[in-house]
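Below: the structure, in structure tokens.
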Amino acid sequence: APYLLSAVIAGEDGRISVLALNRHLTESMKLNVSLRGCDGRLNVANATELVSDDLSAVNTPQNPDRVAPRGLTRVTLTDGELRAELAPASWNVIELQG
């Protein structure tokens with residue numbers, strides 16, 4: 011998809027990080043990642059999204075957490091298939107570990 015930028019990084023410790031950016035400003039997007047060869051050995055350790063309903067929102071001294079990472083709950087890992095629903099204009103990090 012032209013609105014999706016993503017990378018998968020495998021660490022030496024066996025942890026896998028999936029980084030995904032949904033660049034579409036108004037539509038959510040489904041992310042599917044096949045993790046063949048890792049079946050049954052991985053769990054979702056952490057999933058976060060950075061998103062705001064106001065694209066011009068910024069953090070200020072008065073409101074330092076106006077834009078902050080929050081838990082990404084729309085994630086499943088079943089039979090070696092990672093699936094996530096990415097909010098519009100969002101930066102997402104999903105960390106897997108065995």
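Each residue of the sequence shown is one higher than the one before, starting from 11 at the first, in our numbering. Note that beta-carbon positions come from the ideal geometry of N, C-alpha and C, so glycine has one too. The model shown is predicted, which means the values in this text are computed figures rather than measured ones.
Taking the CA atoms as reference points, residue 22 sits about 30 Å from residue 97. Apart from the 5 residues on each side of it in sequence, residue 27 sits with its Cβ closer than 6 Å to the Cβ of 19 and 105 in its chain, given in chain order. Put simply, the backbone Cα of residue 38 is about 30 Å away from that of residue 72. Shown here for residue 35: same chain residues with a beta carbon closer than 8 Å to its own, the five before and five after excluded, namely 65, 98 and 99 in chain order. When C-alpha distances from residue 42 are compared across 70, 87 and 80, the shortest belongs to 87.
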